[in-house]
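Numbers 0 to 264, taken from numbering that gives the first Met the number 0, label the letters of the sequence shown in order.
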Amino acid sequence: MEWIGRVGAVTGAASGIGAATAQELAARGVHVVAMDIDPAGLSATVAAIEAAGGAATAAVVDVAERAAVQDVIAGVAAGHGRLDLVVNCAATFLARGLDVTGADWDHVLRVNVQGISNVVQAAHPLLARAPGAAVVNTASISAHVAQRSRWTYNTTKAAIVTLTRCMAMDLAPDGIRVNVVSPGWIWTPEVSRAAGGDRAAWEPVWGRFHLLRRLGEPVEVARAIAFLCSSDASFITGTELPVDGGYLAMGPEGLGDDSSFAGSR
Ligand SMILES: NC(=O)c1ccc[n+]([C@@H]2O[C@H](COP(=O)([O-])OP(=O)(O)OC[C@H]3O[C@@H](n4cnc5c(N)ncnc54)[C@H](O)[C@@H]3O)[C@@H](O)[C@H]2O)c1
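Here it is, written out as structure tokens:
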């Protein structure tokens with residue numbers, strides 16, 4: 000019952016983890032304001048939510064555009080008079096290393112880091128009036144490990160972990176909790192593209208990066224986000240929750256000899 004009547008903004012809601020989160024929160028009774036730059040994807044998410052009996056509104060917006068984000072949140076204030084939850088999933092996967100340009104840095108920092116700041120800053124007055132308000136950001140295992148030619152993406156993900164802690168400190172006096180999830184490899188359109196659509200071929204390869212020997216599903220991250228939004232997480236703030244099938248727990252020895260792994264022990 001705690002979800003009924005609440006309003007939650009989800010960025011990156013047109014696809015992948017953001018779409019799954021929008022659907023998960025809506026299924027629990029939250030009215031979702033689905034934010035993304037992709038109008039077609041947003042329409043699909045809203046249609047899926049409505050088909051399942053939930054409620055959602057689409058807001059086409061670039062999270063890097065501060066004024067546009069403020070307009071969306073002003074619309075939420077006018078239309079709903081409240082905002083209880085903010086989930087930041089929107090991101091660019093722009094990955095550059097030695098070949099990075101100034102324009103690359105500007106873009107990736109503006110979308111992945113400043114985008115979260117824009118949304119939380121705009122939402123703050125409404126969140127501060129909502130009992131049990133919560134923000135969940137999305138970082139990655141990439142915040143913690145070196146990956147080839149990923150100066151840009153990985154740096155933004157590490158920044159999001161620190162940004163989350165700083166936000167949690169500043170918003171705590173208003174009763175707003177702020178946490179961050181760090182997914183491992185999740186089967187989303189981006190990962191599927193990297194696999195050339197061939198899950199059967201690539202899951203055994205990439206699955207071995209995780210103790211559970213598989214990739215995650217978007218809904219598995221969405222449920223962890225919903226937990227952090229819920230009153231079950233009422234004493235949790237400023238923390239990072241890996242949703243990574245054990246990726247970050249594994250050392251350089253990898254899985255070792257896993258011939259005895261039965262998958263059920
Ligand atoms: N898929 C994974 O394996 C994985 C792993 C770790 C972390 N993550 C993180 O999870 C989050 C969601 O990733 P996903 O895999 O679901 O990706 P996705 O590409 O399926 O979804 C990302 C969404 O963000 C939107 N977006 C991009 N730039 C935007 C902007 N400027 N303004 C508004 N919307 C914008 C896209 O249109 C897209 O709908 C990201 O923060 C990503 O870094 C994903």
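Here a beta-carbon is modelled for each residue, glycine too, at the ideal position from N, C-alpha and C. Nothing here was measured: the structure is a model prediction, and the numbers come from that model.
Worksheet item: Closest to N178 by CA distance: which of A39, V134 and I115 is it?
Response: V134
Practice prompt. Using DSSP bridges, identify the partner residues of G282.
Written response: There is simply no residue 282 to check, as the chain begins at 0 and stops at 264 in what is shown.
Worksheet item: In three-state terms, what does DSSP make of S229?
Response: coil
Discussion item. I want to check one thing, is the minimum distance from the CB of W184 to the heavy atoms of ligand 1 below 8 Å?
Written reply: yes
Item to complete: May I ask you to list the residues that DSSP assigns as paired with R176?
Response: A133
Worksheet item: Is it right to say E23 is buried, meaning 16 or more other beta carbons lie within 10 angstroms of its own, or is it exposed?
Response: buried
Worksheet item: What do you get for P217, buried or exposed, if any count of 16 or more other CB atoms within 10 angstroms of its CB means buried?
Response: buried
Practice prompt. With a threshold of 8 Å, establish whether the CB of S139 neighbours any heavy atom of ligand 1.
Written response: yes
Discussion item. Are there any heavy atoms of ligand 1 lying less than 8 Å away from the beta-carbon of D70, as far as the coordinates show?
Written reply: no
Fill in: Touch test, the segment 6–14 against the segment 22–41, Cβ-Cβ under 8 Å, three pairs minimum
yes
Worksheet entry | Opposing strand residues paired with E23 [DSSP bridges] | According to DSSP, which records beta bridges pairwise, E23 is partnered with nothing at all.
Worksheet item: Are the beta-carbon atoms of S181 and S139 separated by less than 9 Å?
Response: yes
Worksheet item: What are the complete beta strand (DSSP E) segments, minimum 3 residues, inside the segment 132–166?
Response: 133–137
Worksheet entry | Assigned secondary structure, S191 (DSSP; H/G/I helix, E/B strand, else coil) | helix
Worksheet item: From T137 to A39, what does the alpha carbon distance come to, in whole angstroms?
Response: 23 Å
Worksheet item: Would W184 pass as a contact of H209 if the rule is Cβ separation under 9 Å?
Response: yes
Worksheet item: So the beta strand (DSSP E) P241 belongs to, where does it begin and stop?
Response: E239 to V242
Practice prompt. Please classify V75: does DSSP put it in a helix, a strand, or coil?
Written response: helix
Item to complete: Check S42 in the structure and name its three-state DSSP category.
Response: helix
Worksheet item: Around the C-beta of S233, are 16 or more other C-beta atoms found within 10 angstroms, so that it is buried, or is it exposed?
Response: exposed
Worksheet item: Who are the near neighbours of S263 in its chain, counting only those whose CB is closer than 6 Å to its CB and skipping five residues on each side?
Response: Model confidence at S263 stands at a pLDDT of 45, short of 50, so the residue's coordinates are unreliable; what they give is reported in the following sentence. Result list for S263: empty, nothing under 6 Å.
Discussion item. Counting C-beta neighbours from all protein chains within 10 Å, is the total for G53 16 or more, i.e. buried, or is it exposed?
Written reply: buried
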